[in-house]
Each structure stands twice: as structure tokens, then as C-alpha cells.
Amino acid sequence: MRQAAACKAMRDHGISQRRACRLVGVDPKTVRCNKPPDNPEVREEMKAIASKRRRFGYRRIGVLLERKGMIMNHKKLYRIYTEEKLGVRRRRGRKRARGSRTPMPVALRPGERWSLDFVSDTFGASRKFRMLAVNDDCCRENLCLMADTSISGARVARELYALARVYGKPACIVSDNVL
1 MRQAAACKAM
11 RDHGISQRRA
21 CRLVGVDPKT
31 VRCNKPPDNP
41 EVREEMKAIA
51 SKRRRFGYRR
61 IGVLLERKGM
71 IMNHKKLYRI
81 YTEEKLGVRR
91 RRGRKRARGS
101 RTPMPVALRP
111 GERWSLDFVS
121 DTFGASRKFR
131 MLAVNDDCCR
141 ENLCLMADTS
151 ISGARVAREL
161 YALARVYGKP
171 ACIVSDNVL
């Protein structure tokens, strides 16, 4: 408002910039400062990239704009990015189970509840191997200990069927789902 009044006084009355600013009560730097023209094509390109690449921030979008020949200062890039409300879209959290969990029954007899435990470790040459331990929760007996570099679900099922033939079927099987 004051800047426009100082410009009008200079234009209409033919006075100097310094005097017009003193009369209106505005700093001459604000009158001299002309905002650079805004680039609507850069804004549109930023919006297009941000809609395609939702996890890209303003710096990565700036790199893509530079590849297309639209080079600009990172501060101006950030200003346009925030003005257009282009934030990095956050990933949604993991879905939680609804309701309350039923308490796990305590095993009173052998063969009532088995627990599966997967353990992972590495050899000296950084080669991974996994182990499956099947335990009886009542008597804490280790029923099976199987080690291999890769344990498939079919192999786990095959081992459980073999254990069921030897020890009988358990009432329930518990796993902690780590790996």
C-alpha cells in the first residue's frame, strides 16, 4: 500500500525516489525491490512431477526440473513447493488388530501346545542360515531343530506332519511371526 503510494508520488509529482519514500514513510529498499516474474510452467511441472512421484521432496523434484532445463535457486524451489502445498506424502502405518486378544491358554499336558521359533544367524563368510525350533510348551522339550539356508513354508508343514505322526497332533501351535 505504502509502496504504491511512493511510486504514485514519484510518477505524478516528479520527485525523487528518496524524497517520495521519506514523505510516505517507507524504506527505499522496499520500493526498489521488484519481485521477479513467477514461472507458471515451473509450477505446473512441479505439480506434475509431485503427483507422479509422491515420495519425492523438493530437492529431488529440483533435480528432475534441472534435467528438463528448468534451473532455479533451491530457495525459490522450496518457496514454490510450499506455496503449492506439495509435501512428501507419508506412508500409512501398519494396521493393528481390532478388539482385545484372547489370553493364551496355559499348556497343562505334554503335546497340548507347540511353539514354532525361527532363528537367523550368519556363517563366518556372511552367508545367512535359518533354524526352525519346535518346542512342547508344557514339558519344554525340543521336538525338532531344523537348520538350512532357506526354509520354505512347505518344508515347515512337512516337518510338522512328521512330528504329528511321532508325537500326536497338538491342540494348538503358536508362532511369533518374526521372520
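Going by this note's numbering, the sequence shown runs without a break in its numbering and finishes at 179.
Positions of the beta carbon are idealized from the N, C-alpha and C atoms, including for glycine.
Please work out which residues of its chain come closer than 8 Å, Cβ to Cβ, to ASP137, disregarding the five sequence neighbours upstream and downstream, and give them in chain order. Position 137 of the sequence shown, counted from the start, is the residue given in the question as residue 137. Excluding sequence neighbours, ASP137 sits near ALA107, GLU112, ARG113, TRP114, SER115, VAL174.
ASN21 burial status per 10 Å Cβ neighbour count (16 or more: buried): The residue labelled residue 21 in the question sits at position 21 within the sequence shown. According to the sequence as given, residue 21 is Cys; it is not Asn. The residue is buried, with at least 16 neighbouring Cβ atoms inside 10 Å.
Considering only residues of the same chain and omitting the five flanking positions on each side of ASP117, which have a CB-CB separation below 6 Å? Locating residue 117 in the sequence shown gives position 117, counting from the first residue. Here the set comprises ALA133.
Can you tell which of LEU23, CYS172, TYR167 has the C-alpha that lies nearest to the C-alpha of MET104? Start at 1 with the first residue of the sequence shown, and residue 104 comes out as number 104. Ranking the options by Cα distance to MET104, first place goes to CYS172.
Residues bridged to SER16 (per DSSP): The residue given as residue 16 occupies position 16 in the sequence shown. SER16 pairs with nothing; no bridge assigned.
Return yes when the Cβ of LYS169 is within less than 8 Å of the Cβ of THR149, no when it is not. Position 149 of the sequence shown, counted from the first residue, corresponds to residue 149. Position 169 of the sequence shown, counted from the first residue, corresponds to residue 169. No; because the gap between Cβ atoms is not below 8 Å, this pair is not in contact.
Does the count of Cβ pairs from the region 119 to 126 and the region 81 to 100 closer than 8 Å reach three? no
Let me confirm a value: TYR58 is counted as buried when at least 16 other C-beta atoms fall within 10 Å, else exposed. Which label applies? For the purposes of this step, residue 58 is taken as the residue at position 58 of the sequence shown. Looking at its Cβ environment, which holds 16 or more other Cβ atoms inside 10 Å, TYR58 is buried.
Distance check for ARG101 and VAL156, CA to CA, integer angstroms please. Working through the sequence shown from its first residue, we reach residue 156 at position 156. Working through the sequence shown from its first residue, we reach residue 101 at position 101. Cα to Cα, the separation comes out at about 26 Å.
Inter-stretch contact (C-beta, 8 Å, three-pair minimum) for the region 37 to 53 and the region 76 to 93: yes
Could you tell me whether the Cβ atoms of VAL26 and CYS7 are closer together than 8 Å? In the sequence shown, counting from the first residue as 1, residue 26 sits at position 26. In the sequence shown, counting from the first residue as 1, residue 7 sits at position 7. In this structure, CYS7 does not lie closer than 8 Å to VAL26 by Cβ.
State buried or exposed for ILE61, treating a residue as buried only when at least 16 other CB atoms are found within 10 Å of its CB. Mapped onto the sequence shown, residue 61 falls at position 61. Buried, because 16 or more other Cβ atoms sit within 10 Å of the Cβ of ILE61.
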